[in-house]
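For the sequence shown, the tail end lands on 575 under this note's numbering, and the numbers increase by one without skipping. Glycine included, each C-beta is placed from N, C-alpha and C at the ideal position. Predicted model, so just to flag it, every value in this text is computed and none were measured.
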Amino acid sequence: MRKTKRYIRTIGHGMLAFAWVAMSGCADDWDAHYDGQPRPEQTLWQEISSRPELADFAKLLQSRGYDKYLDSDQRYTVWAPVGHIDTTLVTGEFMTAEEVLTQVVTNHIARGIVPASSVVNDTVLVLNGKPMPFVAVGGVPCFNGSAVSEANIECGNGDLHILKMQAPYNHNIWSYLRQDSEFSAIADYLYSFNHMAFDPDASTPGGVVNGEQVYIDSVFVMGNELWQQIGYLNNESEDYTMLVPVNTEWHRLVDRFKTFYNYADEENLEKAEGYACRNVLDALVFDMGEQAGGTGYWESTSGLFFQNPYGEGGLFSGATPIGCSNGTILKGADIKLDPYGILAREIVIEGEDYDDYLLDGRYNTSDRPTKIAVAGTGVSSNAYMTFTSTSPSRGAEVTFALPDVLSCAYDIGVVFVPTNMTRNGWSSTVVQKKCRVDFELEDGYTRERTSVEDVEIPGTALDTIWVARNHVFEYCDYNPDRESIDDAEISLTITATAKRSESDYTRDLYIDCIVLKPTVNEGSSYEE
């Protein structure tokens with residue numbers, strides 16, 4: 048059974064609030080850095096605003112209210128770029144203009160004191176949560192690749208470093224999806240789940256009215272319905288690997304998966320695209336903190352397993368890596384993703400769960416369903432069901448629904464239990480009897496009936512009787528919102544046909560389970 052991992056966190060997780068950062072205590076040793084010499088009196092803001100070459104940056108700081116923070120007693124390091132500020136380096140998709148400007152500002156400020164030197168080799172966490180390399184290249188300090196032209200300008204509340212040009216913005220996986228035009232298809236799908244949600248923690252309370260909290264200033268933050276299921280791809284503190292198909296490959300994969308959702312009615316046909324998109328997405332995101340090293344298997348955040356994905360013919364083979372601030376994007380133009388390994392899985396209907404699947408079962412006091420619990424015998428789920436008939440005119444009969452089949456081919460089988468299987472295991476005192484059965488597979492969509500008659504079951508061991516091999520269902524019956532099993536359109540009727548006079552045969556049904564095994568490539572069974 049597929050394991051599902053859920054990423055349930057608060058909606059604002061991964062987004063840093065400047066107010067919290069500004070009020071947090073500083074862990075740097077202030078005195079150790081400045082060997083006891085008195086600091087200049089001017090603040091960072093006074094120093095920045097006094098420099099003509101930093102006029103654009105100063106204007107941006109002031110527009111976002113950061114002049115007040117840099118004019119306070121809080122300690123910061125600022126990497127101030129000279130000249131024009133380019134806001135197009137930050138994604139504007141589903142960001143307000145104000146949010147874009149804030150990202151540019153917080154991309155150049157860190158808490159505490161971070162000195163520059165000809166040998167500096169550090170990673171700085173700036174206010175927007177992104178880790179930025181601060182390293183010397185040829186003896187020149189560089190902040191995320193932007194060279195420092197003037198370093199270690201001491202101010203009363205921190206240090207200022209002047210950059211020759213604006214520091215690049217390191218996109219996280221989520222924002223980078225909007226930066227590459229070849230990702231527009233999957234980005235459109237993912238971003239369509241965005242929504243604005245009220246954040247009470249960031250909002251300003253204004254009292255209680257009629258027993259309910261009201262707010263003077265209500266803050267809404269961007270959320271996405273998929274993040275809690277596939278991973279918070281916008282979270283700077285995470286480490287993900289995401290395989291991202293280019294547009295042509297995304298459309299090819301979705302179209303391939305859609306063939307398994309061929310519905311007979313127009314209403315459900317509209318759902319097929321969504322199901323197919325989600326099936327593909329389930330195989331694309333991997334939380335690096337959750338991978339079991341040395342096993343050769345990678346597990347996606349949706350619980351799918353892939354063996355040696357970087358190996359030849361593996362899921363990641365041929366993909367181009369792109370570094371992001373919270374992981375790696377693997378850009379894929381030829382992704383080997385097998386639908387049978389993801390969605391067309393084996394369907395097992397346990398006989399003892401007959402109440403959940405029973406359709407038009409002909410049993411009463413003469414056709415008695417009895418659950419038999421067993422263990423260590425090879426019986427699926429350690430239980431099976433008997434349907435007992437005492438009618439002189441017929442054997443037992445039961446009809447099971449076969450819900451959620453996809454529009455593909457299946458091998459369809461029924462596993463029968465021998466008559467001497469008891470609650471205490473195999474019994475030598477109970478006579479083993481054969482069984483003769485008829486099967487009728489009915490497809491309510493196509494009105495097709497497939498009958499198999501007079502199948503003899505030896506009754507000496509667990510027997511799998513294949514009702515049909517490579518049986519193609521033209522229409523899908525997948526319905527996760529189904530309220531009643533009576534809506535299922537595909538069913539299998541099993542009838543015991545031995546006559547009362549045939550004492551070597553049982554007229555009851557001993558059913559372990561019904562199995563639908565997807566078949567691939569002209570009938571060869573898919574192996575998990």
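In angstroms, rounded to a whole number, what distance separates the CA positions of residue i and residue j?
i, j, result
"Leu331", "Met289", "5 Å"
"Leu207", "Leu148", "20 Å"
"Asn467", "Thr476", "8 Å"
"Phe353", "Tyr279", "21 Å"
"Cys482", "Val445", "15 Å"
"Tyr123", "Gly203", "10 Å"
"Val187", "Tyr344", "43 Å"
"Pro128", "Ser347", "40 Å"
"Glu88", "Asp118", "11 Å"
"Ile419", "Tyr401", "13 Å"
"Thr251", "Glu259", "14 Å"
"Thr134", "Val151", "7 Å"
"Gln276", "Gly350", "10 Å"
"Asp13", "Thr342", "Past the edges of the chain, shown from 48 to 575, lies residue 13, and the structure says nothing about it."
"Gly185", "Asp169", "15 Å"
"Gly360", "Asn326", "20 Å"
"Phe363", "Leu273", "22 Å"
"Val125", "Glu197", "12 Å"
Classify residue i as helix, strand or coil using the three-state DSSP reduction.
i, result
"Cys560", "strand"
"Arg554", "coil"
"Lys211", "coil"
"Tyr492", "coil"
"Arg325", "helix"
"Gly343", "coil"
"Ala515", "strand"
"Thr153", "helix"
"Ser96", "helix"
"Glu530", "coil"
"Arg483", "strand"
"Val499", "strand"
"Arg470", "coil"
"Gly336", "helix"
"His131", "coil"
"Lys383", "coil"
"Ala74", "With a pLDDT of 36 at Ala74, under the threshold of 50, the modelled position of this residue cannot be trusted; read the value that follows with caution. Three-state result, Ala74: coil."
Please name the residue in the options whose C-alpha comes closest to that of residue i.
i, options, result
"Ser498", "Thr507, Ile459, Tyr522 and Asp533", "Ile459"
"Ile376", "Trp126, Met335, Phe463 and Ser196", "Met335"
"Glu399", "Asp559, Gln121 and Thr542", "Asp559"
"Asn429", "Ser436, Thr435 and Val421", "Val421"
"Thr435", "Pro527, Arg415, Gly340 and Thr424", "Arg415"
"Asp451", "Phe307, Asn373, Val484 and Phe463", "Phe307"
"Leu328", "Asp118, Tyr310 and Val301", "Val301"
"Asp120", "Ala311, Asp235 and Thr90", "Thr90"
"Val15", "Gly379, Glu146 and Val519", "No information on residue 15 is available, as it lies outside the stretch 48 to 575 that the chain covers here."
"Asp286", "Ser372, Thr424, Lys383 and Gln150", "Ser372"
"Ser239", "Ile382, Gly205, Gly321 and Asp524", "Gly321"
"Cys455", "Tyr387, Asn191 and Leu405", "Tyr387"
"Glu201", "Glu530, Ser548, Gly341 and Gln93", "Gln93"
"Val464", "Ala515, Glu397 and Asp501", "Glu397"
"Tyr404", "Ile532, Thr540, Cys189 and Ala366", "Ile532"
"Val461", "His131, Glu503 and Leu316", "Glu503"
"Lys383", "Pro247, Val166, Arg303 and Leu107", "Arg303"
"Val293", "Gly254, Asn315, Asp534 and Leu224", "Leu224"
"Asp543", "Ile512, Trp513 and Phe486", "The displayed chain sequence assigns Ala, not Asp, to residue 543. Of the candidates Ile512, Trp513 and Phe486, the one whose C-alpha sits nearest the C-alpha of Ala543 is Phe486."
"Glu312", "Pro368, Thr493, Lys378 and Ala214", "It should be pointed out that residue 312 corresponds to Asp in this sequence rather than to Glu. The residue with the shortest Cα to Cα distance from Asp312 is Thr493."
"Leu210", "Glu145, Asp227 and Phe190", "Phe190"
"Gly425", "Thr511, Ser284 and Tyr262", "Thr511"
Buried or exposed: where does residue i fall if 16 or more other Cβ atoms within 10 Å of its Cβ makes it buried?
i, result
"Ser96", "buried"
"Asn175", "buried"
"Gly159", "buried"
"His155", "buried"
"Arg554", "buried"
"Pro439", "exposed"
"Met243", "exposed"
"Val161", "buried"
"Pro356", "buried"
"Thr143", "exposed"
"Thr540", "buried"
"Tyr431", "buried"
"Pro565", "buried"
"Ala281", "According to the sequence as given, residue 281 is Asn; it is not Ala. Its Cβ being crowded by 16 or more others within 10 Å, Asn281 is buried."
"Asp490", "buried"
"Tyr262", "exposed"
"Asp524", "buried"
Give the list of continuous alpha helix (DSSP H) stretches no shorter than 4 residues that lie fully inside the segment 389-461.
401-404
Entirely enclosed alpha helix (DSSP H) segments - the segment 161-230, minimum 4 residues: 220-223
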